[in-house]
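See below for the structure under consideration.
Protein chains: 2
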Amino acid sequence: MTTKTNRIITILLRLLALGATIAAIVVMVTSHESAQVLNLTFTAKYSNDPVFKYFVVAEAIAGGYSLLVLVLSSKSLLWRLTIILDVVVTALLTSSISAALAIAHVGKKGNSHAGWLPICEQVPKFCDRVTGALVAGFAAAIIYSVLLVYSLHAVLSPIFAVKI
Amino acid sequence: MTTKTNRIITILLRLLALGATIAAIVVMVTSHESAQVLNLTFTAKYSNDPVFKYFVVAEAIAGGYSLLVLVLSSKSLLWRLTIILDVVVTALLTSSISAALAIAHVGKKGNSHAGWLPICEQVPKFCDRVTGALVAGFAAAIIYSVLLVYSLHAVLSPIFAVKI
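So the sequences go chain by chain: H and C. Position in the first sequence (first residue = 1) + 1130 = my numbering. Position in the second sequence (first residue = 1) + 1130 = my numbering.
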């Protein structure tokens, strides 16, 4: 493949990642629902859980980074650091989606051993939106993993070719 | 630095990572405590939570991989794939520690909005052991991140030198 094809694929993947992170942030931030349980009204929203806040911050950092790399010229020095930063952003996305999934699982299924009841029956719309945000966040993490393996492959190929 | 120094540092880091993963698995698997609440006896153990099981599996994979790489000859073809596999193992460790930390946080602090009560007051010894396992798991993730940045730096340095 030519360098031009490589660049187009990388740009497309970063645009997709940017779209996925924006979708994850918008869906997560706008998700809230009120429910009445035993005459008490409670509102479920993403900011009630520190893990969901971390998820939004991580997606914002990943989105901002994707945008920055897209507008950066390939000739600047920073561009050469992208492979290291790609590793950091992939780790950040993996970490935030894993933590958010763990909490969402408790929200959906509960944990009878710990006495934590599922809340999705009370606030189904909130749960659906959080699920949507997690799907978008998961997509962003997958896209970044593909981007990383693609970049690593491009960097390592000549080394493999020499040593084999 | 010479190639020999590089290899010694890498081997030391992998030995440390192996030790940390073994410690994390042993401490997590042996953590269980019984408590009596309202005349009901309940036992807290790691296998009650799917996230803690995932944590043990991830640490076992990372430990097994570290051992495999340590015994592999540097001349075999597999050894050249380690940088890609290092990325995968780092992502796996990051994911499992993030998910386990999220659940441990609920266990320690609870979540009043969702009505999930903290359980650490009932089973303090269990909580201490899980905290210990998480510290060891966190150490393993940090060691693998350092190893990855170190390997990437070694691979990318000549590329930087040529292009700058």
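We put the CB at the ideal spot given by N, CA and C, even for glycine. Computed from a prediction, not measured in an experiment: that's the story for all the values here.
Exercise for the section: Would you give the residue range spanned by the alpha helix (DSSP H) that Leu1143/C belongs to? Expected result: Counted from its first residue, the second sequence places residue 1143/C at position 13. First-last of the alpha helix (DSSP H) with Leu1143/C: 1133 to 1159.
Practice task
Taking only heavy atoms of the ligand ATP into account, decide whether any of them is closer than 7 Å to the Cβ of Phe1182/C.
Solution key: What this structure holds is no ligand at all, so the ligand ATP is not there to describe.
Exercise for the section: Specify, as a first and last residue, the run of the alpha helix (DSSP H) that Ala1174/H falls within. Expected result: Counted from its first residue, the first sequence places residue 1174/H at position 44. Where Ala1174/H is concerned, there is no enclosing alpha helix (DSSP H), although the beta strand (DSSP E) it sits in stretches over 1170 to 1175.
Exercise for the section: Determine whether the Cβ of Ala1237/C lies closer than 8 Å to any Cβ atom of chain H. Expected result: Reading the second sequence from its first residue, position 107 is the one you call residue 1237/C. The question names Ala, yet the displayed sequence has Gly at residue 1237/C. True, the Cβ-Cβ gap to chain H drops below 8 Å.
Practice task
Mind listing the chain C neighbours of Asp1179/H? Cutoff is C-beta to C-beta under 8 Å, in chain order.
Solution key: For the purposes of this step, residue 1179/H is taken as residue 49 along the first sequence, with counting starting at 1. Ordered by position in chain C, the residues that pass the 8 Å Cβ test against Asp1179/H are Asn1241, His1243, Ala1244.
Problem - Contact list for the region 1182 to 1194 of chain C against chain H, Cβ threshold 7 Å - result: Those residues of the region 1182 to 1194 of chain C that come within reach of chain H (Cβ to Cβ, closer than 7 Å) do not exist; the list is empty.
Handout entry: Nonlocal neighbours in the same chain, by C-beta distance under 8 Å from Ala1190/H, ignoring five residues either side
Key = Within the first sequence, the letter at position 60 stands for residue 1190/H. Answer for Ala1190/H: Thr1151, Ile1155, listed in chain order.
Exercise for the section: Give the single residue among Ala1270/H, Ile1141/H, Val1217/H whose Cα lies nearest to the Cα of Tyr1280/C. Expected result: Here residue 1280/C refers to the residue found at position 150 of the second sequence. Proximity to Tyr1280/C across Ala1270/H, Ile1141/H, Val1217/H peaks at Val1217/H, based on C-alpha coordinates.
Exercise for the section: Identify, in the order they occur along the chain, each residue of the same chain with its Cβ nearer than 7 Å to the Cβ of Leu1143/H, setting aside the five sequence neighbours on each side. Expected result: Looking up residue 1143/H in the first sequence gives position 13. Excluding the 5 residues flanking it on each side, Leu1143/H has same chain C-beta neighbours closer than 7 Å at Ile1273, Val1276, Leu1277, in chain order.
Problem - Beta-carbon spacing of Val1219/H, Ala1263/H below 8 Å - result: Numbered from its first residue, the first sequence carries residue 1219/H at position 89. Numbered from its first residue, the first sequence carries residue 1263/H at position 133. No.
Handout entry: Partner residues on chain H for Ala1221/C, Cβ-Cβ distance less than 8 Å
Key = For the purposes of this step, residue 1221/C is taken as residue 91 along the second sequence, with counting starting at 1. Residues of chain H with a Cβ closer than 8 Å to the Cβ of Ala1221/C are, in chain order, Thr1220, Ala1221, Thr1224, Ser1275.
Exercise for the section: Taking Leu1170/C as the query, report the chain A residues whose CB atoms sit under 7 Å from its CB, ordered along the chain. Expected result: Going by chain labels, chain A is absent from the structure shown, which instead holds the protein chains H and C.
Problem - Own chain residues within Cβ distance below 8 Å of Thr1140/C, not counting five before or after - result: For this step, residue 1140/C is matched to residue 10 along the second sequence. Excluding positions up to five away in sequence, the list reads Leu1277, Tyr1280, Ser1281.
Problem - Glu1251/H in three-state terms, based on DSSP - result: By 1-based counting over the first sequence, the position of residue 1251/H is 121. DSSP places Glu1251/H in coil when its eight states are reduced to three.
Exercise for the section: With DSSP as the reference, please indicate the residues paired to His1162/H in a beta bridge. Expected result: Against the first sequence, residue 1162/H aligns to sequence position 32. The bridge partners DSSP lists for His1162/H are Lys1175/H.
Problem - As assigned by DSSP and simplified to three states, the class of Lys1183/C - result: For the purposes of this step, residue 1183/C is taken as the residue at position 53 of the second sequence. Judged by DSSP in its simplified three-state form, Lys1183/C adopts helix.
Handout entry: Buried versus exposed call for Gly1267/C [16 or more other C-beta atoms within 10 Å across all chains shown]
Key = As a working note, residue 1267/C is residue 137 in the second sequence. Gly1267/C should be labelled buried.
Problem - Val1236/C vs Ala1165/C beta-carbon contact at 8 Å - result: In the second sequence, the residue the question calls residue 1236/C occupies position 106. In the second sequence, the residue the question calls residue 1165/C occupies position 35. Not a contact, by the Cβ cut-off of 8 Å.
Handout entry: Residue range of the unbroken alpha helix (DSSP H) whose run includes Leu1215/H
Key = Reading the first sequence from its first residue, position 85 is the one you call residue 1215/H. Segment 1212 to 1239, the alpha helix (DSSP H) holding Leu1215/H.
Problem - Best match in Arg1259/C, Ala1271/C, Thr1135/C for proximity to Ala1234/C [C-alpha to C-alpha] - result: Your numbering for residue 1234/C matches position 104 in the second sequence. It is Arg1259/C whose Cα lies nearest to the Cα of Ala1234/C.
Exercise for the section: Return the chain-ordered list of same chain residues with a C-beta closer than 7 Å to the C-beta of Ile1247/C, the five sequence neighbours on each side being excluded. Expected result: Locating residue 1247/C in the second sequence gives position 117, counting from the first residue. The identity of residue 1247/C in the sequence shown is Leu, whereas the question assumes Ile. Contacts found: Gly1240.
Handout entry: Contact under 8 Å by Cβ, Asn1178/C with His1243/H
Key = Position 48 of the second sequence, counting from 1, holds the residue named residue 1178/C. Position 113 of the first sequence, counting from 1, holds the residue named residue 1243/H. Contact flag set, yes.
Problem - Spatial neighbours of Phe1256/C in its chain, beta-carbon cut-off 7 Å, leaving aside the 5 residues before and after - result: Position 126 of the second sequence, counted from the first residue, corresponds to residue 1256/C. If the five residues before and after Phe1256/C are omitted, its C-beta is found closer than 7 Å to the C-beta atoms of Ser1161, His1162, Glu1163, Ala1174, all from its own chain and listed in chain order.
Problem - Own chain residues within Cβ distance below 6 Å of Gly1245/C, not counting five before or after - result: On the second sequence, position 115 is the one that residue 1245/C refers to. Same-chain partners within the cutoff: there are none.
Practice task
Give a yes or no on whether the C-beta atoms belonging to Ala1221/C and Ala1232/H are separated by under 8 Å.
Solution key: Against the second sequence, residue 1221/C aligns to sequence position 91. Against the first sequence, residue 1232/H aligns to sequence position 102. It is not a contact, given that the beta carbons lie outside the stated cut-off.
Handout entry: Close beta carbons around Phe1182/H, own chain, < 8 Å, minus the five adjacent residues each side
Key = As a working note, residue 1182/H is residue 52 in the first sequence. The residues are Met1158, Tyr1176, Ala1230, Ile1233, Val1260.
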